[in-house]
Ligand code: SF4
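Numbering (the numbering used here), first residue to last: 353 to 741.
Encoded structure:
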């Protein structure tokens with residue numbers, strides 16, 4: 353283990369991510385690490401306990417905890433309770449932490465949701481994906497529309513006052529009108545947070561294969577851009593502001609505190625198979641194999657698969673790509689503090705050009721893309737990166 357990995361101390365409170373790698377079925381578009389072989393669930397929980405013990409003094413304090421996956425709600429309520437109790441016991445958790453649990457409709461009951469709230473989860477992210485039966489079928493989801501709306505209702509009754517839904521759009525053959533209907537149905541649920549992702553065809557997935565073999569067609573780029581613009585407009589009408597390319601919240605306080613850490617290069621520790629950890633300048637990641645993960649921890653070995661020390665240029669590149677995703681943009685003071693050079697000194701000409709063309713705004717010590725600029729995020733970020741010396 354490198355010296356940096358042995359002592360990942362940071363003064364900034366970090367985020368803790370726990371990857372639960374089990375799903376009822378594998379969705380055909382998904383490239384997250386998960387398995388539908390559930391036989392290793394209890395061994396996984398035991399291994400996670402060991403990982404928590406082995407990493408207990410690595411980071412000074414956490415103020416967000418996120419159980420993601422996979423489908424964390426596939427585990428028993430008792431397992432989740434044990435995991436959360438171990439986290440609270442072994443790590444230093446700041447007062448008033450955000451503690452999120454991802455759940456998928458079709459894997460949770462009203463009683464389970466009540467138990468999650470009681471054990472201390474205070475934010476729920478629900479993998480709804482769509483309110484249209486045809487879309488759920490295309491996406492290979494295990495739930496129907498009724499199960500999605502029931503889950504939201506039960507979560508409210510359980511006392512969750514911070515609910516987020518995930519939605520997917522830009523599906524093959526989806527029209528602008530159909531997406532608008534889905535968006536409206538999501539907004540009608542009155543949840544605090546919405547994540548709206550475009551469908552991507554990641555290599556190695558069933559859908560990427562279907563695309564290659566002509567069984568599916570991507571929607572035209574112009575339609576996808578129109579859908580994205582519609583998303584921002586409709587959700588603004590319904591009281592949601594966009595704070596990241598794909599993320600919308602009813603207020604600043606209701607933004608995902610955990611996910612904002614990823615976009616601002618704040619430190620985070622990832623536990624579970626395939627989880628990544630980051631404390632500047634080091635990133636490392638766990639094995640993407642639950643059996644290997646269990647075997648390593650069974651021998652008191654951390655299941656680390658690889659690590660990299662980022663050079664200054666790589667860190668600036670990430671800061672630009674991640675920062676420009678956020679409506680708040682890149683924080684000039686933090687940038688200068690980290691890299692010893694101002695945003696203006698590195699990118700001044702490009703900033704002025706994109707600003708005069710209406711793609712970017714600068715002011716208050718930050719540079720941020722406009723709605724038009726967000727449509728060209730990758731192109732603009734790549735131009736900035738080309739200027740790093
Ligand atoms: S439920 Fe989520 S993590 Fe599991 S396979 Fe489907 S998309 Fe992937």
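Think of the CB as a built atom: it goes at the ideal place given N, C-alpha and C, for glycine as much as any other residue.
Remember, predicted model here, so these are calculated numbers, not experimental data.
If distances are taken between C-alpha atoms only, which option among the options comes closest to residue i?
| i | options | result |
| --- | --- | --- |
| residue 437 | 381, 451, 426 | 451 |
| residue 589 | 457, 609, 540, 565 | 540 |
| residue 699 | 715, 737, 547 | 737 |
| residue 705 | 723, 447, 732, 507 | 732 |
| residue 396 | 372, 659, 472 | 372 |
| residue 570 | 550, 422, 421, 582 | 550 |
| residue 393 | 684, 422, 511, 692 | 422 |
| residue 604 | 716, 502, 680, 640 | 680 |
| residue 668 | 643, 632, 638, 645 | 632 |
| residue 529 | 484, 497, 498 | 484 |
| residue 566 | 654, 553, 411 | 553 |
| residue 449 | 429, 474, 468, 435 | 474 |
Can you look up residue i in the DSSP assignment and give me helix, strand or coil?
| i | result |
| --- | --- |
| residue 359 | Because residue 359 sits at a pLDDT of 43, beneath the cut-off of 50, its placement in the model cannot be relied upon, and the point is left open. |
| residue 381 | coil |
| residue 461 | coil |
| residue 524 | coil |
| residue 443 | coil |
| residue 468 | helix |
| residue 534 | helix |
| residue 728 | coil |
| residue 501 | helix |
| residue 677 | coil |
| residue 397 | helix |
| residue 747 | Any property of residue 747 remains undetermined from this structure, which presents the chain solely from 353 to 741. |
| residue 671 | helix |
| residue 608 | coil |
| residue 301 | The requested residue 301 does not occur in the structure, where the chain is confined to residues 353 to 741. |
| residue 740 | coil |
| residue 634 | strand |
| residue 652 | coil |
Are the CB atoms of residue j and residue i within a distance shorter than 9 Å?
| i | j | result |
| --- | --- | --- |
| residue 519 | residue 482 | yes |
| residue 676 | residue 701 | no |
| residue 523 | residue 544 | no |
| residue 608 | residue 456 | no |
| residue 459 | residue 431 | no |
| residue 487 | residue 546 | no |
| residue 674 | residue 614 | yes |
| residue 729 | residue 584 | no |
| residue 383 | residue 542 | no |
| residue 503 | residue 535 | no |
| residue 433 | residue 467 | yes |
Contact defined as beta carbons within less than 8 Å: I believe residue i pairs with residue j. What is the distance between those atoms, to the nearest angstrom?
| i | j | result |
| --- | --- | --- |
| residue 375 | residue 386 | 4 Å |
| residue 379 | residue 564 | Going by Cβ atoms, the distance from residue 379 to residue 564 rounds to 18 Å, so no, they are not a contact pair. |
| residue 580 | residue 381 | Actually they do not touch by this definition, with Cβ atoms about 18 Å apart. |
| residue 624 | residue 411 | Rounded, the Cβ-Cβ distance is 16 Å, inconsistent with contact. |
Can you confirm whether residue i, when its beta carbon is compared against all beta carbons of chain B, has any partner nearer than 9 Å?
| i | result |
| --- | --- |
| residue 717 | The chain inventory of the structure shown lacks chain B, comprising one protein chain alone. |
**Report entry** At least 3 beta-carbon pairs within less than 8 Å: the region 432-446 vs the region 410-422
**Finding:** yes
Query raised in the report: On the three-pair Cβ rule with 8 Å, is the region 638-657 touching the region 398-405?
Result: yes
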